[in-house]
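Student:
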Amino acid sequence: MDKQFQYDVVIIGGGAAGLSAAVTLGRALRSVLVIDAGQPRNAPAAGVHGFLSRDGVSPLELLSIGREEVSTYGGAILQGTATSARALHPQSREPQFEVLLEDGTRVTARRLLLTTGLVDELPNVPGLREQWGHGVVHCPYCHGWEVRNRPIGVLASGPMAIHQALLFRQWSADITLFLNDAVTPTEEEWEKLAARSISVVEGAVREVDADSEGVTGVVLDSDRAFALGALVVGPRFAARSTVMTSLGLLTEEHPMGVGAALETDTRGATAVKGVWAAGNATDLFAQVISSAAGGAAAGAAINADLIDEETTAAVEARKNGFSAATEARITELVLGNKRHGLKTVLTPTLEHHAH
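As structure tokens, then:
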């Protein structure tokens with residue numbers, strides 16, 4: 013039999029954005045469940061950078077700390093993969109949703125927050141994926157310091173490659189742009205590359221060479237080999253969209269042509285009433301600290317939305333008289349399962365179920 017639980021908010025995605033939102037909502041005395049598929053995008057990286065007070069912490073350690081903080085405020089973490097979600101009463105002014113997990117578990121919530129992150133789609137070059145997050149990087153603010161002063165190659169995969177080459181020039185005087193049959197610089201771009209002493213190599217890259225220390229070079233189809241200390245590549249960023257699609261939400265192509273993300277308003281609200289999104293699912297370029305901030309903002313916005321709903325119900329009750337039915341409705345809105353006098357005992361149950 014399917015197991016079913018009820019929450020104020022279900023958060024799909026247990027990264028920095030989702031956990032940050034869960035802490036914000038837990039501190040607002042909301043019942044919250046985080047569904048975590050356990051596939052953090054930055055898992056290959058040795059450390060998280062640019063996160064004040066946490067610089068260099070391993071991605072998995074950061075998530076472990078975040079889960080502990082969620083638990084401190086009564087939030088629950090469920091290890092599993094959400095496959096779909098649906099609105100239970102699409103015409104109701106009080107949204108309610110059901111989320112289905114891969115193992116058949118179903119959970120319901122008054123609001124949903126999608127923090128599912130994205131997938132980095134890399135060029136199909138042998139040796140590239142194996143070095144991703146180590147010798148092969150894409151963000152100078154995440155990894156520039158670690159590869160500084162090395163001979164750095166930039167593997168073109170799209171129009172952003174020239175921008176990347178100019179950007180990484182800040183961290184090294186030895187930059188080589190491999191056009192890889194993927195981009196043709198304009199006259200203005202040739203001028204910029206020359207002015208910054210960036211070497212440009214034509215021809216497709218056949219493979220990436222590496223040893224135990226990281227990337228050592230690349231080999232072209234022409235058999236020409238180039239020694240390197242790191243390789244930069246711009247992946248295509250694709251928001252994980254399975255649950256979004258089930259809700260009728262579609263991702264939109266980024267204006268810079270680097271991938272697709274879910275559009276939201278400034279508070280993180282999507283086009284579906286009662287559904288919010290935060291983190292890389294809606295901001296392709298967000299770093300970990302930005303995703304955490306976006307999750308906190310979305311959590312506050314969701315709590316404010318719930319307060320509006322509860323206040324509207326209370327005002328209607330005051331105007332129309334306080335019937336038993338109205339009292340039951342308001343009590344259910346505000347207290348959920350706690351209206352039966354139950355204490356919060358769902359977290360241990362879910363943790364047991366997850367394992």
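Just so it is clear: in the sequence shown, position 216 is 228 by the working numbering, and no numbers are missing.
Cβ atoms here follow ideal geometry from the backbone N, Cα and C, with glycine treated the same way.
If you're wondering where the values come from, they're calculated on a predicted model, not measured in any experiment.
#1: On the CB-based measure, 16 or more other CB atoms within 10 Å of its CB, does SER104 come out buried or exposed?
#2: So does the region 251 to 260 actually touch the region 73 to 89, counting three or more Cβ pairs closer than 8 Å?
#3: Going by DSSP, which residues form a beta bridge with LEU100?
#4: Below 8 Å, can you find three or more Cβ-Cβ pairs linking the region 115 to 134 to the region 18 to 38?
#5: Does the distance from the CB of SER184 to the CB of ARG208 come in under 8 Å?
#6: Assuming GLY246 and SER302 make a contact with CB atoms under 8 Å, what is their CB distance in whole Å?
#7: Can you tell me the Cβ-Cβ gap for GLY280 and ALA309, rounded? I've got them flagged as a contact below 8 Å.
#8: From the DSSP output, in three-state form, read off ASP186 for me.
#9: Would you say GLY307 and VAL230 are within 8 Å of each other, going by their C-beta atoms?
#10: If you draw a straight line from the alpha carbon of LEU112 to that of THR120, how long is it in whole angstroms?
#11: When the Cα atoms are used, what is the spatial distance from GLU80 to GLY241?
#12: Got a sec? Which residues, its chain only, sit under 7 Å from GLN299 by beta carbon, not counting five neighbours each side?
#13: Taking just the CA atoms, how far does VAL284 sit from ASP277?
#14: Quick check on this structure: which residue in ALA194, THR228, ALA40 has the alpha carbon closest to the alpha carbon of VAL212?
#15: Can you tell me the Cα-Cα spacing of THR196 and TRP202, whole angstroms?
#16: May I ask you to report which of helix, strand or coil DSSP gives GLN91?
#17: Should ALA28 and GLY59 be called a contact, given that it needs their Cβ atoms to be closer than 8 Å?
#18: Going by DSSP, which residues form a beta bridge with GLY229?
#19: With distance defined between alpha-carbon atoms, name the residue in LEU140, ILE47, ARG181 nearest to THR95.
#20: Give me, in chain order, the residues of the same chain whose beta-carbon lies closer than 6 Å to that of MET13; leave out the 5 immediate sequence neighbours on both sides.
#21: Which ranges does the beta strand (DSSP E) cover as unbroken runs of at least 3 residues, wholly within the region 275 to 318, from first to last along the chain?
#22: The beta strand (DSSP E) spanning PHE109 covers which residue range?
#23: To which residues of the same chain is ALA2 closer than 7 Å at the C-beta, ignoring the five residues directly before and after it?
#24: My guess is that VAL82 and LEU31 are in contact by the Cβ rule of under 8 Å, so how many angstroms apart are they, rounded?
#25: At what residues does the beta strand (DSSP E) containing GLU133 begin and finish?
#26: Hey, how far is the Cα of ARG53 from the Cα of PRO102?
#27: Closer than 6 Å by C-beta to GLY156: which residues in its own chain qualify, once you throw out the five before and the five after it? Chain order, please.
#28: Work out the CA separation of THR128 and LEU100 for me, nearest whole Å.
#29: Quickly, what does DSSP pair GLU265 with across the bridge? List them, please.
#30: Roughly how many angstroms separate the alpha carbons of GLY92 and SER43, rounded to a whole number?
#31: Taking a contact to mean a Cβ-Cβ separation below 8 Å, would you say GLY311 touches ALA33 in this structure?
#32: If the criterion is Cβ atoms closer than 8 Å, does the pair VAL220 and GLY139 meet it?
#33: Using 8 Å as the threshold, is the C-beta distance between ARG236 and VAL270 below it?
#34: Report the option in ALA49, GLN18, ASP320, ALA273 whose CA atom is closest to the CA atom of GLU114.
#35: Tell me the rounded alpha-carbon separation between GLN108 and LEU64.
#36: Tell whether a beta-carbon distance below 8 Å holds between LEU274 and THR294.
Tutor: Walking through what the data contain:
#1: Position 92 of the sequence shown, counted from the start, is the residue given in the question as residue 104. Label assigned to SER104: exposed.
#2: no
#3: Translated into the one-based positions of the sequence shown, residue 100 becomes position 88. According to DSSP, LEU100 bridges with nothing at all.
#4: yes
#5: Residue 184 sits at position 172 when you count from the first residue of the sequence shown. Residue 208 sits at position 196 when you count from the first residue of the sequence shown. No.
#6: For this step, residue 246 is matched to residue 234 along the sequence shown. For this step, residue 302 is matched to residue 290 along the sequence shown. Wrong, their Cβ atoms sit about 18 Å apart, outside the cutoff.
#7: The sequence position of residue 280 within the sequence shown is 268, counting from 1. The sequence position of residue 309 within the sequence shown is 297, counting from 1. Indeed they touch by this definition, with Cβ atoms about 6 Å apart.
#8: Walking along the sequence shown from the start, residue 186 turns up at place 174. If DSSP states are grouped into helix, strand and coil, ASP186 belongs with coil.
#9: Locating residue 307 in the sequence shown gives position 295, counting from the first residue. Locating residue 230 in the sequence shown gives position 218, counting from the first residue. Against a cut-off of 8 Å, the Cβ pair of VAL230 and GLY307 comes out as no contact.
#10: On the sequence shown, residue 112 is found 100 positions in, with the first residue counted as 1. On the sequence shown, residue 120 is found 108 positions in, with the first residue counted as 1. Roughly 9 Å separates the two Cα atoms.
#11: As a first step, residue 80 must be located in the sequence shown, where it is residue number 68. As a first step, residue 241 must be located in the sequence shown, where it is residue number 229. Taking the straight line from one Cα to the other gives about 38 Å.
#12: Mapped onto the sequence shown, residue 299 falls at position 287. Within the same chain, GLN299 has close Cβ partners GLY62, TYR153, CYS154.
#13: Residue 277 sits at position 265 when you count from the first residue of the sequence shown. Residue 284 sits at position 272 when you count from the first residue of the sequence shown. Computed Cα separation, rounded: 11 Å.
#14: For the purposes of this step, residue 212 is taken as the residue at position 200 of the sequence shown. Selected option, being the one with the closest Cα: ALA194.
#15: In the sequence shown, counting from the first residue as 1, residue 196 sits at position 184. In the sequence shown, counting from the first residue as 1, residue 202 sits at position 190. Rounded to whole angstroms, THR196 to TRP202 spans 9 Å at the Cα level.
#16: Taking the sequence shown and counting its residues from 1, one reaches residue 91 at position 79. DSSP places GLN91 in strand when its eight states are reduced to three.
#17: Counted from its first residue, the sequence shown places residue 28 at position 16. Counted from its first residue, the sequence shown places residue 59 at position 47. It is not a contact, given that the beta carbons lie outside the stated cut-off.
#18: Position 217 of the sequence shown holds residue 229. In DSSP, GLY229 forms a bridge with ASP221, ALA239.
#19: Working through the sequence shown from its first residue, we reach residue 95 at position 83. Checking every option, the nearest Cα to that of THR95 belongs to ILE47.
#20: On the sequence shown, position 1 is the one that residue 13 refers to. At MET13 the pLDDT is 39, less than 50, meaning the model places this residue with poor confidence; the figure from the coordinates comes in the next sentence. Answer for MET13: no residue qualifies.
#21: 287 to 289
#22: Walking along the sequence shown from the start, residue 109 turns up at place 97. Looking at the DSSP string, the run of the beta strand (DSSP E) that includes PHE109 is 109 to 113.
#23: Any question about residue 2 goes unanswered here, given that the chain covers just 13 to 367.
#24: For the purposes of this step, residue 82 is taken as the residue at position 70 of the sequence shown. For the purposes of this step, residue 31 is taken as the residue at position 19 of the sequence shown. Contact holds; Cβ gap of about 6 Å.
#25: Sequence index remark: in the sequence shown, residue 133 carries index 121 (1-based). That run of the beta strand (DSSP E) goes 130 to 133.
#26: The residue given as residue 53 occupies position 41 in the sequence shown. The residue given as residue 102 occupies position 90 in the sequence shown. The straight-line gap from Cα to Cα measures roughly 33 Å.
#27: Residue 156 sits at position 144 when you count from the first residue of the sequence shown. Here the set comprises TRP183.
#28: Here residue 100 refers to the residue found at position 88 when the sequence shown is read from its first residue. Here residue 128 refers to the residue found at position 116 when the sequence shown is read from its first residue. So the alpha carbons of these two residues sit roughly 21 Å apart.
#29: Taking the sequence shown and counting its residues from 1, the one referred to as residue 265 is at position 253. Note: GLU265 sits in a beta bridge opposite ALA272.
#30: Here residue 92 corresponds to residue number 80 of the sequence shown, with the count starting at 1. Here residue 43 corresponds to residue number 31 of the sequence shown, with the count starting at 1. So the two alpha carbons sit approximately 19 Å from each other.
#31: Stepping through the sequence shown from its first residue, residue 311 is reached at position 299. Stepping through the sequence shown from its first residue, residue 33 is reached at position 21. Closer than 8 Å, so yes.
#32: Mapped onto the sequence shown, residue 220 falls at position 208. Mapped onto the sequence shown, residue 139 falls at position 127. Cβ atoms of VAL220 and GLY139: closer than 8 Å.
#33: In the sequence shown, counting from the first residue as 1, residue 236 sits at position 224. In the sequence shown, counting from the first residue as 1, residue 270 sits at position 258. No, Cβ-Cβ distance for ARG236 and VAL270 is not below 8 Å.
#34: In the sequence shown, counting from the first residue as 1, residue 114 sits at position 102. Out of ALA49, GLN18, ASP320, ALA273, ALA49 has the C-alpha closest to the C-alpha of GLU114.
#35: The count along the sequence shown starts at 1 and reaches residue 108 at position 96. The count along the sequence shown starts at 1 and reaches residue 64 at position 52. Cα to Cα, GLN108 sits roughly 37 Å from LEU64.
#36: Taking the first residue of the sequence shown as 1, we reach residue 274 at position 262. Taking the first residue of the sequence shown as 1, we reach residue 294 at position 282. Yes. Within cutoff.
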